[in-house]
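Q: Under mature numbering (1 follows the signal peptide of the UniProt record, and there is no 0), the residues of the sequence shown are numbered -33 to -1, 1 to 70, in order. Just so you know, even glycine gets a beta-carbon here, dropped at the ideal spot from N, CA and C. Because the structure is a prediction, the values reported are computed rather than measured. What follows is a structure written as structure tokens; I'll ask about it next.
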Amino acid sequence: PRRYYFCFSSMARYFSLLLVGVLVTVAISNVCAQTFNYSRGWTNGKRSEPALQPKMAEANAAVQHMSPMVVQVKRRMMQQSLEDHIRNLEQELGEMYELASAM
């Protein structure tokens, strides 16, 4: 009878250690998942408000106080700037393609 007692004791110890190991693993994975979510702006399954919203509201309010002529000039300047960037990118890509095809 004493022999079986030691057998059950070692089995109980084994299962208790296994249970503790599983619980520690689950706790660590839960903490890592929460850290991952909160570092990317997720809270309770919903994404938090982006920081861009207040800035957009300020920009819209500033545009409403400008005269239509100023808005049109700024729009034209922005469009020209974008066209310049696109032109530069096309030129750089063309040069890269020529270098790659020469190899």
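K41 and M33 - do their beta-carbons sit closer together than 9 Å?
A: Here residue 33 refers to the residue found at position 66 of the sequence shown. Here residue 41 refers to the residue found at position 74 of the sequence shown. A contact, by the Cβ cut-off of 9 Å.
Q: What I want to know is whether the C-beta of M45 ends up closer than 8 Å to one or more non-hydrogen atoms of the ligand FAD.
A: Among the ligands in the structure shown, none appear at all, so the ligand FAD cannot be discussed.
Q: What number of angstroms, rounded off, separates the C-alpha of V(-14) from the C-alpha of A29?
A: The residue you call residue -14 lines up with position 20 of the sequence shown. The residue you call residue 29 lines up with position 62 of the sequence shown. Going by the C-alpha atoms only, they are around 60 Å apart.
Q: Where does L(-24) sit, in a helix, a strand or coil, going by DSSP?
A: As a working mapping, residue -24 is identified with position 10 in the sequence shown. Note that residue -24 is Ser in the sequence shown here, rather than Leu. Correct three-state label for S(-24): helix.
Q: Give the DSSP-derived three-state secondary structure of M33 in the structure shown.
A: Stepping through the sequence shown from its first residue, residue 33 is reached at position 66. Coil at M33, not helix or strand.
Q: Quick check on DSSP: helix, strand or coil for M63?
A: For the purposes of this step, residue 63 is identified with residue 96 of the sequence shown, where counting begins at 1. DSSP places M63 in helix when its eight states are reduced to three.
Q: With H, G and I counted as helix, E and B as strand and the rest as coil, what does DSSP make of M23?
A: Working through the sequence shown from its first residue, we reach residue 23 at position 56. Residue state, collapsed to three classes: helix.
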